[in-house]
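Numbering (the UniProt record's numbering), first residue to last: 1 to 275.
Below you can see the structure in the form of structure tokens.
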């Protein structure tokens, strides 16, 4: 009798685990479709509420560094606290689509403690998911810098001192300042953008940057002089450095160090709007 009960319980647990894995897989696929604009907002909302148990909007997108927490543990914690969610692992991040409420934020803070988390502005329509994912990434960058847990995009100082306040503003900044650099890298399989970003991250130390890149100092000098020629900006002029730094950070958040310019961005990428 006990053996029969144990068998029934084991089968029930196995079925429950399989159902959760299927739910998480379908949730990830749904979030990926929304991120790449491969599904309409209305259909996405229907699936989100029917299959994933979400309430009505508003929602928000949160982002966490992929190596900050095991995805399975995070999903299990969210399930144990009955928090509707979909998760997507992409490009070194874990993205979560969640109901946007102070209660959810407090619960996530309890789960992740002091782990930096970026939180987007409210998502009232799922058509805004791609932009919200970028906002969450930008907010995560800020959370890392200030050493805080959850940082909501649009908080005072986030846009003005760190990054543009909208996707469109970021797109315009990158195209205006670094468009020629990214185009050069794309057509010549170059490393100008990567070298510039490394130079800025190494506090403009020529020797440390060359060491980090594994190149000779003279090669670095050539690359940055090429950047100056293409942009019309000087890496030793303070006002130009501020412009370059903001543009580099915006380009990184938009994924342009991987995607390049318009012709290489993915179909659902926010930079492809109107193209």
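Using N, Cα and C, we set each Cβ at its ideal position, and we do this for glycine too.
>> Give me, in chain order, the residues of the same chain whose beta-carbon lies closer than 7 Å to that of residue 47; leave out the 5 immediate sequence neighbours on both sides.
In response: Excluding sequence positions up to five before and after residue 47, its CB lies within less than 7 Å of the CB of 30, all in the same chain and listed in chain order.
>> Considering only the alpha carbon of each residue, which of 186, 105, 129 lies closest to residue 149?
In response: Looking at the Cα atoms, 105 is the closest of the given residues.
>> Please classify residue 242 as buried or exposed, where buried requires at least 16 neighbouring CB atoms within 10 angstroms.
In response: By the neighbour-count rule (16 or more Cβ atoms within 10 Å), residue 242 is not buried but exposed.
> What number of angstroms, rounded off, separates the C-alpha of residue 221 from the C-alpha of residue 244?
Replying inline: Those two C-alpha atoms are separated by around 16 Å.
>> Please state the DSSP three-state secondary structure of residue 256.
In response: The three-state secondary structure of residue 256, taken from DSSP, is helix.
>> With H, G and I counted as helix, E and B as strand and the rest as coil, what does DSSP make of residue 149?
In response: Residue state, collapsed to three classes: coil.
> Hey, which unbroken runs of the alpha helix (DSSP H) at 4 residues or more fall wholly within the region 74-136?
Replying inline: Positions of the alpha helix (DSSP H) runs, each at least 4 residues long and wholly inside the region 74-136, are given as 102-112 in order along the chain.
>> Using 8 Å as the threshold, is the C-beta distance between residue 248 and residue 182 below it?
In response: For residue 248 and residue 182, no; Cβs fall outside 8 Å.
> How many whole angstroms separate the CB atoms of residue 85 and residue 98, which I take to be in contact at a CB cut-off of 8 Å?
Replying inline: Confirmed, Cβ separation roughly 5 Å.
> Pick from 204, 209, 173, 227: whose alpha carbon is nearest that of residue 190?
Replying inline: Residue 227 is the option with its Cα nearest to residue 190.
> When DSSP builds the beta bridges, which residues end up paired with residue 62?
Replying inline: For residue 62, which the question treats as bridged, DSSP gives the partners 96, 119.
> Roughly how many angstroms separate the alpha carbons of residue 194 and residue 55, rounded to a whole number?
Replying inline: Those two C-alpha atoms are separated by around 42 Å.
> In the structure shown, what three-state DSSP assignment does residue 38 receive?
Replying inline: Note: residue 38 maps to coil in three-state DSSP.
> On the three-pair Cβ rule with 8 Å, is the region 131-146 touching the region 173-187?
Replying inline: As far as the Cβ criterion goes, the region 131-146 does not touch the region 173-187, which means the pair count is below three.
> What number of angstroms, rounded off, separates the C-alpha of residue 120 from the C-alpha of residue 35?
Replying inline: Straight-line measurement puts the Cα of residue 35 at about 14 Å from the Cα of residue 120.
>> Our contact map puts residue 32 next to residue 88 with C-beta atoms below 8 Å; I'd like the distance itself, whole angstroms only.
In response: The Cβ separation is near 6 Å, so the contact holds.
> To which residues of the same chain is residue 114 closer than 7 Å at the C-beta, ignoring the five residues directly before and after it?
Replying inline: 149.
> In angstroms, rounded to a whole number, what distance separates the CA positions of residue 22 and residue 234?
Replying inline: So the alpha carbons of these two residues sit roughly 53 Å apart.
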